[in-house]
Amino acid sequence: MDTIGRGLVAGFIATLVVSLLHDPIQLVATSAGTASPAVGWLFHMFVGTLVWGSLFGLLHDHLWGPSWLRGLAFGVAAAAFVLLAVVPLLGTERFDLLMGITAPFAIVLFHAIYGALLGGIYGWLGTSEDGHDLNGHHPVVR
């Protein structure tokens with residue numbers, strides 16, 4: 020499987036797991052200007068799978084450390100993007116009402132979990148039958 024394909028699969032699984040852990044769907048739907056949970060799920064899965072997953076697939080080999088750590092760093096960078104670029108578009112008042120003062124911490128925490136899962140799954144998808152990645156390294160220490 021190529022790097023983008025692995026990123027898409029890993030992004031889908033990581034997004035699904037994190038979404039089931041903390042259910043951001045109503046917040047995503049409300050932020051998108053609709054009350055429909057279906058729209059929230061579609062948007063969240065689209066971003067987590069297609070946007071972040073494929074971008075991680077492209078960047079993975081340019082980052083340092085084991086795959087899960089690369090993913091963790093990527094997830095924290097994604098959280099910074101959300102906090103610095105997306106949240107201001109929502110408006111401070113709306114964001115504060117939706118999530119409260121702990122919102123920035125929750126955003127960083129769940130994006131970090133997403134990233135670690137993304138990287139770990141990505142690394143696992145690139146392993147051979149003997150448990151090593153396609154370059155002969157074990158994915159945990161690569």
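When the letters of the sequence shown are read in order and numbered with the numbering used here, they come out as residues 20 to 161.
Quick reminder that beta carbons are idealized off the backbone N, C-alpha and C, glycines included.
Check: I think tyrosine 141 touches glycine 94, with their Cβ atoms under 8 Å apart; what is that distance to the nearest whole Å?; Outcome: Going by Cβ atoms, the distance from tyrosine 141 to glycine 94 rounds to 12 Å, so no, they are not a contact pair.
Check: Taking the C-alpha atoms as reference points, what is the distance between arginine 169 and leucine 40?; Outcome: Absent from the structure is residue 169, since the part of the chain shown begins at 20 and ends at 161.
Check: If we count Cβ pairs, one from each stretch, closer than 8 Å, do we get three or more for the segment 22 to 38 versus the segment 61 to 73?; Outcome: yes
Check: Could you check what DSSP says for arginine 161 in three-state terms: helix, strand or coil?; Outcome: In this prediction, arginine 161 has a pLDDT of 46, which is less than 50 and means its spatial position is unreliable; nothing more can be read from the coordinates.
Check: Could you give the DSSP three-state label for proline 56: helix, strand or coil?; Outcome: helix
Check: Of the residues Val58, Val106 and Leu91, which one's Cα is nearest the Cα of glycine 139?; Outcome: Leu91
Check: In whole angstroms, what is the alpha-carbon distance linking arginine 89 and aspartate 80?; Outcome: 9 Å
Check: State the Cα-Cα distance for the pair serine 73 and alanine 99, rounded to the nearest angstrom.; Outcome: 18 Å
Check: Do you know how far the Cα of valine 37 is from the Cα of glycine 145?; Outcome: 22 Å
Check: Answer with buried or exposed for valine 106, where buried requires no fewer than 16 other C-beta atoms within 10 angstroms of its C-beta.; Outcome: buried
Check: Do isoleucine 126 and leucine 102 have their C-beta atoms closer together than 9 Å?; Outcome: yes
Check: Where does the unbroken alpha helix (DSSP H) through histidine 41 begin, and where does it stop?; Outcome: 22 to 41
Check: If I'm right that histidine 63 touches alanine 97 with Cβ under 8 Å, what's the distance once you round it to whole angstroms?; Outcome: Not confirmed; about 13 Å, so no contact.
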